[in-house]
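A.B. asks:
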Amino acid sequence: MEFETRTGKVIIDDTKCSNCKTFACVKACSLYGAHLFRINLKENKPEPLYSAEDLKRLCTECLACEQECFLRGFNAIRIELPLHGLEEYRKKIVSVLR
Numbered sequence: 131m132e133f134e135t136r137t138g139k140v141i142i143d144d145t146k147c148s149n150c151k152t153f154a155c156v157k158a159c160s161l162y163g164a165h166l167f168r169i170n171l172k173e174n175k176p177e178p179l180y181s182a183e184d185l186k187r188l189c190t191e192c193l194a195c196e197q198e199c200f201l202r203g204f205n206a207i208r209i210e211l212p213l214h215g216l217e218e219y220r221k222k223i224v225s226v227l228r
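Residue numbers (this note's numbering): 131 to 228.
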């Protein structure tokens with residue numbers, strides 16, 4: 131499962147969720163984010179509460195779901211947030227250090 135956010139993308143490998151007992155990602159999103167998911171007990175995986183369009187608008191990009199899944203789950207979530215200007219900054223720093 132994946133969905134776009136305002137500036138990036140959330141990718142969830144829900145095949146890793148089948149053995150999860152904590153669903154720390156869902157709890158983290160409800161505590162620190164915008165409460166975008168619920169637990170689908172039949173399939174034992176998180177499922178979005180909203181459409182892809184609403185997820186893009188509502189996701190706060192707080193990274194809590196990714197961090198909690200890494201710490202207490204099965205590392206099934208990857209969030210891609212491009213940092214515009216990072217490559218130019220790195221080149222500038224490298225040229226200064228030389």
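All C-beta atoms in this analysis are idealised placements derived from N, C-alpha and C, irrespective of residue type, glycine included.
On the CB-based measure, 16 or more other CB atoms within 10 Å of its CB, does G203 come out buried or exposed?
C.D. replies: By one-based count along the sequence shown, residue 203 stands at place 73. Label assigned to G203: buried.
A.B. asks: On the three-state DSSP scale, how would you describe R220?
C.D. replies: Here residue 220 corresponds to residue number 90 of the sequence shown, with the count starting at 1. Residue state, collapsed to three classes: helix.
A.B. asks: Buried or exposed for I223, please, with buried defined as at least 16 other CB atoms from any protein chain shown within 10 angstroms of its CB.
C.D. replies: Against the sequence shown, residue 223 aligns to sequence position 93. Per the 10 Å Cβ criterion, exposed.
A.B. asks: Let's test the definition: count the other Cβ atoms within 10 Å of the Cβ of L216 and tell me whether it reaches 16, buried, or not, exposed.
C.D. replies: Within the sequence shown, residue 216 is the residue found at index 86, counting from 1. Per the 10 Å Cβ criterion, exposed.
A.B. asks: Taking DSSP as the reference, what is the three-state secondary structure of K151?
C.D. replies: What you label residue 151 is simply residue 21 of the sequence shown in a count that begins at 1. DSSP places K151 in coil when its eight states are reduced to three.
A.B. asks: Which residues does DSSP list as the beta-bridge partners of N170?
C.D. replies: Position 40 of the sequence shown, counted from the start, is the residue given in the question as residue 170. Beta-bridge pairing links N170 to K175.
A.B. asks: Look at the alpha carbon of N174 and the alpha carbon of T145, and state the distance between them as a whole number of angstroms.
C.D. replies: Translated into the one-based positions of the sequence shown, residue 174 becomes position 44. Translated into the one-based positions of the sequence shown, residue 145 becomes position 15. Cα-Cα distance, rounded: 10 Å.
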